[in-house]
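Residue numbers (the numbering used here): 51 to 653.
Glycine residues also receive a C-beta, built at the ideal position from the N, C-alpha and C atoms.
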Ligand SMILES: Cc1cc2nc3c(=O)[nH]c(=O)nc-3n(C[C@H](O)[C@H](O)[C@H](O)COP(=O)(O)OP(=O)(O)OC[C@H]3O[C@@H](n4cnc5c(N)ncnc54)[C@H](O)[C@@H]3O)c2cc1C
């Protein structure tokens, strides 16, 4: 079986970078220790090897589809939901009182990475069920929690996130699905939702939709959006189920993630679709953000995981494929010599290094985000606000960088295979198709970038940015204690200053009231800032590796740590300098994309 992740890297991030066992000092996680975390990730890998990875291609070849009013999915979906329900993993991070395991998010993300890398079509079914149940636990009444959550945790019922409508994708303020109050306190729902992942299938007895809509007469825009629970089947007093007028109208046929159904749902076609309010009226979008933020981290993690699987497949191929000869001194090739394997060509090594650099830093960034989540909720009181702000700031980057650069890295991986990369005999073409969705759903790259520059960078007077800058400074200081890391620490220091001055430059547009100009190149800003954040992750990894090498206090092989330093150098040589181009664009006086100033364009 081909490798799809590197367990040594996961352990390095978990134990050496993030010191995951220190989380066990928090009251919430006191029942865990390092050994328990290791057993969990090893057993997950074993299951993913045996059950998930072997089905990756088959699920792509037998896509989810609509037939006779039903969504047909691969039978593995049923087995996976049952397995996750029985072993408690749907409720991994939930409170004990709700039947959960109180597992740290940091460790849960490591587990999620392994399963996503093995097979990115399956975990979405349980992931959305978990997100929907989590939303109920946080905002719903005890009666609603009691009614829905236990079955969802057991994997008997699925869960979804119903936001998108045909006329309202990025702009959720334009949703029109309407809720009509009923005398018994419930609501009748009318509307359509499209692109709903895991929206219907035969392996769940019921599907619990967490849906946003407007109560009749509610204010326009986001201030009039409420959150509802809308089951596919209503639950009668005696526990039996009856249809709730949720009609499945179709399944979108996609270029990738074909094993994961994407449904079109019609609510209340026969005026008989009942819903119950979750949380306060008109607070729906704010509450839904809990699920959306979690899903953004999940999407980033999935992208990192697909990129990881692609990297390992390319690496294996490059080690086995003989082609061409090395160039000898004087620029000659000796054709009498046997062909070399392609891993010896510098250009192939460059592509593999790019994959490695992107993949490993993405995994460390995503686990860091989850670590912030643990610390923001359960860490020492006085630190919670800081980690909360760091998580808020880092979320759009943790979603976007793996989605965008993960795709670039998979493309490089496909290139490593030459023509075979384009063919179905190898998994690269599937990974390339599968990863493409990541930059689209859960808020496109454009929308994430608006969130980063338009909200997160300036929130609380730039307080989150100040925290992040302090994190950079702390890593730079530690790296500076090693002579050979000093030049890289200097590079990160100056990149961080460039980011600060670029942010200030853009803010002058906002201060002059020209908000559209301030935000017009938010995606370029995202590219610049993400690149610096990833450089920070690499410098951090290299410093930890160097500390282990110098002290001799090594958990992994010496070459493992040396590789980390080497890959950091690759990132600083090939990727970090790209921020200069972003800076140039962001400081340019030319205003070329705002319609009024450029009527000649696209005329
Ligand atoms: C496979 C799949 C699964 C999905 N799963 C779910 C799900 O489970 N639940 C759910 O609710 N939705 C789901 N979605 C919907 C998904 O979140 C939306 O497709 C996405 O938010 C984009 O909306 P849209 O497709 O309407 O594109 P649009 O909003 O029309 O965007 C088109 C383009 O315009 C850009 N754009 C739009 N507005 C702006 C702006 N103000 N400023 C700058 N650029 C802008 C976008 O960045 C994009 O490039 C899924 C979609 C797919 C394809």
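By the neighbour-count criterion, in which 16 or more other beta carbons inside 10 Å mark a residue as buried, residue 378 falls on the exposed side.
Cβ neighbours of residue 94 within its own chain (closer than 6 Å, five residues either side excluded): 161 and 164. In this structure, residue 76 and residue 468 do not form a Cβ contact; the two beta carbons are roughly 50 Å apart against a cut-off of 8 Å. In the DSSP assignment, residue 292 falls within the beta strand (DSSP E) that extends over 291-293.
Shown here, residue 375 sits in coil according to DSSP, grouped into three states, outside any helix or strand. Its chain contains 283, 284 and 286 as the residues whose beta carbon lies nearer than 8 Å to that of residue 292, once the 5 sequence neighbours on both sides are disregarded; these appear in chain order. The beta carbons of residue 375 and residue 394 sit no closer together than 7 Å.
About 6 Å separates the beta carbon of residue 294 from that of residue 324, a gap short enough to meet the 8 Å contact definition. For residue 437, there is no enclosing beta strand (DSSP E); the residue is found in the alpha helix (DSSP H) stretching over 431-466.
Residue 301 is bridged by DSSP to 313.
In the three-state reduction of the DSSP assignment, residue 261 falls in the strand class.
Taking residue 194 as the centre and dropping the five residues before and after it, the same chain places the C-beta of 186, 279, 326 and 328 closer than 8 Å to its C-beta, in chain order. Shown here, residue 134 sits in a helix according to DSSP, grouped into three states. Annotation for residue 520: the continuous alpha helix (DSSP H) segment containing it runs 509-530.
In the three-state DSSP reduction, residue 643 falls in the coil class, being neither helix nor strand. In the DSSP assignment, residue 256 is bridged to 207. By the Cβ-count criterion, residue 155 is buried, with 16 or more other Cβ atoms from all chains shown falling within 10 Å of its own Cβ. In this structure, DSSP gives residue 483 a helical state, which the three-state scheme calls helix.
With contacts defined as CB atoms closer than 7 Å, residue 632 and residue 548 fail to qualify as a contacting pair. One thing to note: residue 90 has its Cβ no nearer than 7 Å to the Cβ of residue 169. DSSP places residue 103 in no alpha helix (DSSP H); its state is neither H nor E. Put simply, the backbone Cα of residue 423 is about 7 Å away from that of residue 441. Residue 585 and residue 116 have their C-alpha atoms roughly 45 Å apart.
Contact between residue 446 and residue 502 holds: their C-beta atoms lie close to 4 Å from each other, under 8 Å. For residue 427, the uninterrupted alpha helix (DSSP H) segment begins and ends at 396-428.
Sixteen is the threshold: when 16 or more other Cβ atoms of the shown chains lie within 10 Å of the Cβ of residue 250, as they do, the residue is buried. Within the same chain, 460, 461 and 464 come within 7 Å of residue 482 by CB-CB distance, once the 5 residues on both sides are set aside. Only residues of its own chain outside the window of five on either side were considered, and among them 228 and 318 have a CB closer than 6 Å to the CB of residue 240, listed in chain order.
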